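Peer 1:
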Amino acid sequence: MQIYLPIAEMSVNAFLILGMGGAVGLLSGMFGVGGGFLMTPLLIFVGVPPAVAVGTEANQIVASSVSGVFAHMRRGNVDLKMGAVLTVGGFLGSGIGVWVFSILRGLGQIELAISLSYVIFLGIIGALMLWESLPGVISRRKNAPSLSPNARGAGRHTWIHGLPFKMRFTRSRLYISAVVPFGIGFVVGVLAAIMGVGGGFIMVPAMIYLIGMPTQVVIGTSLFQIIFVTANTTFLQATINQTVDVILAILLLIGAVIGAQIGARIASRMKSVQLRSLLALIVLGVALRLAFDLVATPGDLFRLGAEVPE
Amino acid sequence: MTGFRSFAIVAAIVSIGGGSARAQEPALVADVSEHLVAITSGFTGKEVLLFGSTDGPGDIAVVVKGPTGDETVRKKTRFGPIWINSDSVTFRDVPSFYRIASSRPLEEFAPEALLSRFQIGEEYLRLETEGENPEPARVSEFRDALIRIKTKDRLYDESLGAVNMMSNRLFRTSLFFPANVPTGTYFVEVYLFRNGSVASAEIVPFNISKIGFGADVYDFAHRFSWIYGLLAIALAVGAGWVAGALFKRS
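So the sequence lines, in the order shown, correspond to chains H and L.
Numbering of the first sequence is given in our numbering, commencing with residue 91 and proceeding in unit increments.
Numbering of the second sequence is given in our numbering, commencing with residue 79 and proceeding in unit increments.
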């Protein structure tokens, strides 16, 4: 069944998009990630203009984050104060990100910027995750518990604790400078706008390793923040670049909701180490595929670009 | 812009031709079978019939031009290990669609000077570059690329379409518009050649536009972009809410 996407200005097979939403939803249910980092490149592979893929994916992540945050709210795993500080940084970051996006688009470099950010961030994170899931690393971890992400306290006093504007975050049991979460929110906001992702895959490690938040509040708080940042991105992409395709977003959403249900059930039957290494391999695979496209000699050196804005 | 410019030239010729011929019987009459081609959600391309009559023997050349706009052609070069867009040339008033058809091969009845003057044939398309004039070799490289890409997208066609003549009086040709055809006002320029000069000419305009739900969404997204943005967010929050509630039950 062919369906016309009014903003992307192309016809796609509705079942293909539903299937893609389902597959990415399956992974996001299995691994607890938003899946934007997989969906945006997939959309580009099937021929959706990169700018529309990014804008639309932000819209879809709003929905998946809203549906995910409820479960965490009920269990009290959302640090609202931390979320608010991250959101302020994220708003500023995504605003600047959309602005940069529109400049790069005019310069004809947006596809390069999207691909490069993906290759760099997915490459680093995939490699780190794969390293962590290696059997040798895990057994060393068990012998040296002080290296585990939850280890905090008196012994771990870094430059981060010397920053001004200290705030108390009761839920996270932290008394740290607000500059740190603000800065993290800002950086992730910029990336979210340019890459069309929620940024959970950067935010979650940053919250654990840089802020030192307890793992159980990390996912809920990051989802909470992602809702606002992606909503802001959606609005800005819609008003500045007109690149949000609601028809495409709805199709992706339906597939993703169903996929996530199945994914969550599969995940409960797998060991977490297996899950992590599998996700790491998928992340690295996407990074390598995009890196190949950047390095390979293009079929035609010339292409028509967007008009240079006034 | 180009459409109007050539319209002015053709209008001038029509008035000259009209002066020499009998005023009540025009030398050339042409029309298309559809003046509005609608792009709906199931649009897969459309054939439009161009037909007309002449006041005697002659040759017909037809030029179809889509709405004009600026086109930027970018060239990738190797930068370290990766390929990046490094050079670009912007052409002004490029027809988004361009196709020609004629009753015989053009060189058999039309002198080069006239083909060039009326821009009949891709090689005669006047594509002016934006800004200061760069070196001609570079421009022609980018110009070739523009035409090559447009041809690959089936918006330009080098091959000459056939115009069928019947008893030196009636002519017809079918014009095909592919699924990715740009919307806007199209001009079909019809030229009647006789003894190596243009005896008469006519321009038939028609519209290609999007119609239906998709068109309304596109229009809304561009005209009321901030309302569209807010609706998109509201839709996503609502859908997420519903999904969350379903998830809780299972």
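The beta carbon of each residue, even a glycine, is placed where N, CA and C say it ideally should be.
All values derive from a computational prediction rather than experimental measurement.
1) Please state the DSSP three-state secondary structure of Ala217 (chain H).
2) Mind checking whether Val136 (chain H) and Leu384 (chain H) have CB atoms under 8 Å apart?
3) Looking at the structure shown, is Lys230 (chain L) part of a helix, part of a strand, or coil, going by DSSP?
4) State buried or exposed for Asp137 (chain L), treating a residue as buried only when at least 16 other CB atoms are found within 10 Å of its CB.
5) Would you identify the three-state DSSP class for Thr251 (chain L), choosing helix, strand or coil?
6) Which runs of the alpha helix (DSSP H) spanning at least 4 residues fall entirely within the segment 275-306 of chain L, listed in chain order?
7) First and last residue of the beta strand (DSSP E) that includes Glu125 (chain L)?
8) Applying the criterion that 16 or more other CB atoms from any shown protein chain within 10 Å of the CB defines a buried residue, is Val308 (chain H) buried or exposed?
9) Since Arg152 (chain L) and Ser166 (chain L) should fall inside the 8 Å C-beta cutoff, what is the C-beta to C-beta distance between them, to a whole number of angstroms?
10) Let me see if you follow: with CB-CB separation under 8 Å, is Asn167 (chain H) close to chain L or not?
11) Taking the alpha helix (DSSP H) that Phe265 (chain L) falls in, what are its first and last residues?
12) How many angstroms separate the CA atom of Gly322 (chain L) from the CA atom of Ser118 (chain H)?
13) For the candidate residues L:His300, L:Phe249, L:Leu233, whose alpha-carbon lies nearest to that of Ala240 (chain L)?
14) Determine, using beta carbons only, whether Ser252 (chain L) comes closer than 8 Å to chain H.
15) Anyone know if the C-beta pair for Lys154 (chain L) and Pro140 (chain H) falls short of 8 Å?
16) Is the distance from the Cβ of Ala143 (chain H) to the Cβ of Ile151 (chain H) below 8 Å?
17) Would you say Val151 (chain L) lies against chain H (beta-carbon separation less than 8 Å)?
18) If you reduce the DSSP assignment to three classes, tell me which class Arg359 (chain H) lands in.
19) Could you check whether Phe318 (chain H) and Gly180 (chain H) sit closer than 8 Å to each other, using their CB atoms as the reference points?
20) If we count Cβ pairs, one from each stretch, closer than 8 Å, do we get three or more for the segment 260-276 of chain H versus the segment 100-118 of chain H?
21) Closer than 8 Å, Cβ to Cβ, to anything on chain H: give me those residues from the segment 125-155 of chain L, in chain order.
22) Output needed for Ala139 (chain L): all residues of its chain with C-beta closer than 6 Å, excluding positions within five of it in sequence on either side, in chain order.
Peer 2: Concretely, from the data shown:
1) helix
2) no
3) helix
4) buried
5) If DSSP states are grouped into helix, strand and coil, Thr251 (chain L) belongs with the strands.
6) Correct list: 291-301.
7) Run containing Glu125 (chain L): 124-132, per the beta strand (DSSP E) assignment.
8) buried
9) 4 Å
10) Taking 8 Å as the CB threshold, Asn167 (chain H) stays off the interface with chain L.
11) Element bounds for Phe265 (chain L): not the alpha helix (DSSP H) but the beta strand (DSSP E), 262-272.
12) Rounded to the nearest angstrom, the two C-alpha atoms are 14 Å apart.
13) L:Phe249
14) no
15) no
16) no
17) Closer than 8 Å to some Cβ of chain H, the Cβ of Val151 (chain L) qualifies, so yes.
18) In the structure shown, Arg359 (chain H) sits in coil (DSSP, three-state: anything other than H, G, I, E or B).
19) yes
20) No, they do not touch.
21) Gly147, Asp148, Glu149, Thr150, Val151, Arg152, Lys153, Lys154, Thr155
22) Ser180, Ile198, Tyr269
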